[in-house]
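S.K.: Mapping of the first sequence onto the numbering used here: position 413 corresponds to residue 426, and the numbering continues sequentially without gaps.
A virtual CB, placed ideally from N, CA and C, is assigned to each residue, including glycine.
Submitted below is the structure of interest, expressed as structure tokens.
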Amino acid sequence: MNRKQLQKLGVPPDCVKLAVQALTRAAQQDQGFGLKGKRAKELVGAVLGEPRAYFEDSVWGEFAKELVADAEQPALSNIDYRTWGDEIDDAAHAQMRQACLVPTAVGAALMPDAHLGYGLPIGGVLACENAVIPYAVGVDIACRMKLSVLDLPVETLDSRRNAYKEAIMGGTRFGVGVEHHPKQQHDVLDRDWDVTRITREKKDTAWRQLGTSGSGNHFVEFGELTLEARDDELGLDAGRYAALLSHSGSRGPGAAVCSTYSAIAQRNLPRRYANLGRLAWLSLDSEEGQEYWAAMNLMGEYAAANHAVIHRLVTSLLGAHVVAGVENHHNFAWKEFHHGKEVVVHRKGATPAAAGELGVIPGSMADPAFVVRGRGEPSSLCSASHGAGRCMSRRQAKDTFRFNAVRNDLAKRGVEVLAAGADEVPGVYKDIRRVMDAQQDLVEVVARFDPRIVRMCGDGSKAED
DNA sequence: ATGTCC
């Protein structure tokens, strides 16, 4: 009997392989019994009819157990999600509805900067029970923000402009595959990179890329931080400060971890869930799930180290010291308690916003970023947006904007862009002020950061220096 | 967002 015949008989697709193995064993034990025989059909039919009666059978036991396990696989969920903001496209909603079908999903929310992503939309928050979804964390695992407030008078942003520009140009590296020469040092290299094969193999890449910014929406910029009132936790009085803000992640190694474990998850995805595709999950009880969890957390430390090195290099070139700081992941998964039970909360392009938790939400190269304090709103799973959110694709942006023209406009508005592409100009983003208005119940604004000197990945160069 | 992976 072949696969097709077995399935016609009622064998679930995920059990066909074991049925074939059982038939082969049966044929070996009984010389007069061929695989095509009517008897084969009868035997398979009998096991299908009462699988539990065959659990101890040396020929049919394994197949029988798989039949029962397959029937007991959890059904699709169908949970609800709340949405903040009203400028979210249908495609992002469609992805969120798919995510709400994931069998382990128990909570979901969509942030006001949401837009289309792989698997879960960017700006999507998804809580699962005892399972992790690599593509609900995202390709750039632990993509993150870091703000450092400097001990230099805010006026030096103008009076010492060249020193600031040289510090950014000398201390940062942008581009796909870009590395530091010589390699930088950080304690993260002393962590255990042998937790998975892929982290072991990517450790040297990680070292070479340590302290680099990559491409896309990543940036390093100087700007002016304004506090309307003293903030004790930040340790800053009301006033204006020179500050350094960066957006970067786990570079090549994080992408390799994501693709490795999402491929495993998708390969293991039972056929009945096939249309969930890139939302494939790994049980935290499985070896693969534990490996991903360990690798993801290492990438979290690595991304934090990248920012630490960037800030170390840039502030050291500038001759500045750091007097206060805020940082947070916005592509990550955490074990947290919500509604009385422990769940895995995936935030993919979403800022953790538990009550009292500080975070940074950037706008665009010309619009303000905000230091925020979470309000711990339960229905958002204690989350907020991670930025303004794109309202135009990179492709469309290249056809719509000429970067040099935009750059001249921005210069008149007091923002000097050292390098960037047309796909990251302010016009490709929603209005950050509207996005902040839409999430007043999620975060309170602690400070505003206005960009003054900005570096992103330049156009037409994949590995510029 | 990354890098060219049988």
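(1) Do Tyr274 and Tyr305 come within 8 angstroms of each other at the CB atom, strictly closer than that value?
(2) In terms of residues, what are the limits of the beta strand (DSSP E) holding Trp347?
(3) Does DSSP classify Tyr177 as helix, strand or coil?
(4) According to DSSP, which residues form a beta bridge with Asn341?
(5) Give every residue of the same chain whose Cβ lies closer than 8 angstroms to the Cβ of Trp347, excluding the five residues on either side of it in the sequence, and list them in chain order.
(6) Where does the unbroken beta strand (DSSP E) through Ala318 begin, and where does it stop?
(7) Using 10 angstroms around the beta-carbon of Ala368, count the other beta-carbons present and answer buried if the total reaches 16, otherwise exposed.
(8) Can you grab the Cα-Cα spacing for the pair Glu429 / Arg403, in whole Å?
(9) With distances taken between CB atoms, is the gap from Tyr94 to Met109 smaller than 8 angstroms?
(10) Taking the alpha helix (DSSP H) that Arg38 belongs to, which residues open and close that run?
(11) What does the alpha-carbon distance come out to for the pair His260 and Ser226?
(12) Under the three-state reduction of DSSP, which class applies to Cys141: helix, strand or coil?
(13) Just to confirm, is the Cβ distance from Gly400 to Gly434 under 8 angstroms?
(14) Considering only residues of the same chain and omitting the five flanking positions on each side of Phe416, which have a CB-CB separation below 8 angstroms?
(15) Give the C-beta separation of Val138 and Ala363 to the nearest angstrom, bearing in mind that I take them to be a contact with Cβ-Cβ under 8 angstroms.
(16) Report the residue from Ser329, Gly120, Trp73, Gly229 whose alpha carbon sits nearest the alpha carbon of Asp153.
(17) In chain order, what residues of the same chain have a beta carbon less than 6 angstroms from the beta carbon of Ser479, not counting five sequence neighbours either side?
(18) Provide the residue(s) that pair with Phe235 in DSSP beta bridges, ordered along the chain.
(19) Just how far apart, CA to CA, sit Ala88 and Ala144?
(20) Just to check my reading of the structure: Gly236 and Phe414 have Cβ atoms closer than 8 angstroms, yes? What is that Cβ distance to the nearest angstrom?
(21) Alpha carbons only, please: which of His106, Gly267, Leu80, His320 is nearest the one belonging to Asp126?
(22) At the level of alpha carbons, what is the spacing between Phe76 and His352?
(23) Residues in its own chain within less than 7 angstroms of His199 by CB, not counting five upstream and five downstream?
(24) Phe383 lies in the beta strand (DSSP E); which residues open and close that run?
(25) Quick check on Lys216: does DSSP put it in helix, strand or coil?
(26) Look at Gly183 and Leu330 and say whether their C-beta atoms are less than 8 angstroms apart.
(27) Decide if the stretch 417-425 is in contact with the stretch 57-77; the criterion is three or more beta carbon pairs, one per stretch, under 8 angstroms apart.
(28) Where does Lys196 fall in DSSP's three states?
(29) Roughly how many angstroms lie between the CA atoms of Ile277 and Ser392, to the nearest whole one?
(30) Which class does His399 belong to by DSSP, given the choice of helix, strand or coil?
(31) Assuming the contact rule is C-beta atoms closer than 8 angstroms, Arg157 and Ala333 should be a hit. Round their C-beta distance to whole Å, please.
(32) Following the continuous alpha helix (DSSP H) through His106, name the residue where it begins and the one where it ends.
(33) Should His194 be labelled buried (16 or more other beta-carbon atoms within 10 Å of its own) or exposed?
(34) Roughly how many angstroms lie between the CA atoms of Trp220 and Leu202, to the nearest whole one?
(35) Decide yes or no for the touch test of the stretch 97-104 against the stretch 450-462: beta carbon pairs closer than 8 angstroms, at least 3 of them.
(36) For Gly58, is the classification buried or exposed, using 16 other Cβ atoms within 10 angstroms of its Cβ as the cut-off for buried?
M.R.: Walking through what the data contain:
(1) The sequence position of residue 305 within the first sequence is 292, counting from 1. The sequence position of residue 274 within the first sequence is 261, counting from 1. Contact: yes.
(2) Here the question's residue 347 lines up with position 334 in the first sequence. Residues 344-351.
(3) One-based indexing of the first sequence puts residue 177 at position 164. Looking at Tyr177 - three-state DSSP - the assignment turns out to be helix.
(4) Looking up residue 341 in the first sequence gives position 328. Answer is Met158.
(5) Locating residue 347 in the first sequence gives position 334, counting from the first residue. Once the five neighbours on either side are set aside, the close Cβ partners of Trp347 are Val357, Val358, Arg360, Pro365.
(6) Taking the first sequence and counting its residues from 1, the one referred to as residue 318 is at position 305. Premise fails: Ala318 lies in the alpha helix (DSSP H), 300-331, not in any beta strand (DSSP E).
(7) Working through the first sequence from its first residue, we reach residue 368 at position 355. Per the 10 Å Cβ criterion, exposed.
(8) Here residue 429 refers to the residue found at position 416 when the first sequence is read from its first residue. Here residue 403 refers to the residue found at position 390 when the first sequence is read from its first residue. Computed Cα separation, rounded: 22 angstroms.
(9) The residue labelled residue 94 in the question sits at position 81 within the first sequence. The residue labelled residue 109 in the question sits at position 96 within the first sequence. In this structure, Met109 lies closer than 8 angstroms to Tyr94 by Cβ.
(10) Along the first sequence, read from residue 1 onward, the residue named residue 38 stands at position 25. First-last of the alpha helix (DSSP H) with Arg38: 29-42.
(11) Reading the first sequence from its first residue, position 247 is the one you call residue 260. Reading the first sequence from its first residue, position 213 is the one you call residue 226. Going from the Cα of His260 to the Cα of Ser226 covers about 8 angstroms.
(12) Start at 1 with the first residue of the first sequence, and residue 141 comes out as number 128. Strand at Cys141.
(13) For this step, residue 400 is matched to residue 387 along the first sequence. For this step, residue 434 is matched to residue 421 along the first sequence. Going by C-beta atoms, Gly400 is not nearer than 8 angstroms to Gly434.
(14) Taking the first residue of the first sequence as 1, we reach residue 416 at position 403. Closer than 8 angstroms at the Cβ level, and outside the excluded window around Phe416, lie Ala433, Gly434, Ala435, Val438, Asp472.
(15) Position 125 of the first sequence, counted from the start, is the residue given in the question as residue 138. Position 350 of the first sequence, counted from the start, is the residue given in the question as residue 363. Contact holds; Cβ gap of about 5 angstroms.
(16) Residue numbering aside, residue 153 sits at position 140 when the first sequence is read from its first letter. Ranking Ser329, Gly120, Trp73, Gly229 by Cα distance to Asp153 puts Gly229 first.
(17) An answer regarding residue 479 cannot be provided, because it is not within the stretch 14 to 478 covered by the chain.
(18) As a position in the first sequence, residue 235 is number 222, starting the count at 1. The partner list for Phe235 (beta bridge, DSSP) reads Leu257, Ile466.
(19) Position 75 of the first sequence, counted from the first residue, corresponds to residue 88. Position 131 of the first sequence, counted from the first residue, corresponds to residue 144. So the alpha carbons of these two residues sit roughly 15 angstroms apart.
(20) Here residue 236 corresponds to residue number 223 of the first sequence, with the count starting at 1. Here residue 414 corresponds to residue number 401 of the first sequence, with the count starting at 1. Not quite, the Cβ-Cβ distance comes to about 22 angstroms (not below 8 angstroms), so this is no contact.
(21) Along the first sequence, one-based indexing puts residue 126 at 113. For Asp126, the nearest C-alpha among the options comes from His106.
(22) Within the first sequence, the letter at position 63 stands for residue 76. Within the first sequence, the letter at position 339 stands for residue 352. Going by the C-alpha atoms only, they are around 39 angstroms apart.
(23) Residue numbering aside, residue 199 sits at position 186 when the first sequence is read from its first letter. Result list for His199: Leu223, Ala318, Ala321, Val322, in chain order.
(24) Counted from its first residue, the first sequence places residue 383 at position 370. Segment 382-387, the beta strand (DSSP E) holding Phe383.
(25) Residue mapping note: residue 216 aligns to position 203 of the first sequence, counting from 1. It is helical.
(26) Here residue 183 is taken as the residue at index 170 of the first sequence, counted from 1. Here residue 330 is taken as the residue at index 317 of the first sequence, counted from 1. Result yes, Cβ atoms of Gly183 and Leu330 sit closer than 8 angstroms.
(27) no
(28) Taking the first residue of the first sequence as 1, we reach residue 196 at position 183. DSSP places Lys196 in coil when its eight states are reduced to three.
(29) The sequence position of residue 277 within the first sequence is 264, counting from 1. The sequence position of residue 392 within the first sequence is 379, counting from 1. Between Ile277 and Ser392, the C-alpha separation is close to 31 angstroms.
(30) For the purposes of this step, residue 399 is taken as residue 386 along the first sequence, with counting starting at 1. Residue state, collapsed to three classes: coil.
(31) On the first sequence, position 144 is the one that residue 157 refers to. On the first sequence, position 320 is the one that residue 333 refers to. About 21 angstroms separates the two Cβ atoms, so there is no contact after all.
(32) Taking the first residue of the first sequence as position 1, residue 106 is located at position 93. Note, His106: alpha helix (DSSP H), 103-112.
(33) Position 181 of the first sequence, counted from the first residue, corresponds to residue 194. Burial call: exposed.
(34) Within the first sequence, numbered from 1, the residue matching residue 220 stands at position 207. Within the first sequence, numbered from 1, the residue matching residue 202 stands at position 189. Cα to Cα, Trp220 sits roughly 7 angstroms from Leu202.
(35) yes
(36) In the first sequence, residue 58 corresponds to position 45, counting from 1. Exposed: under 16 other Cβ atoms inside 10 Å.
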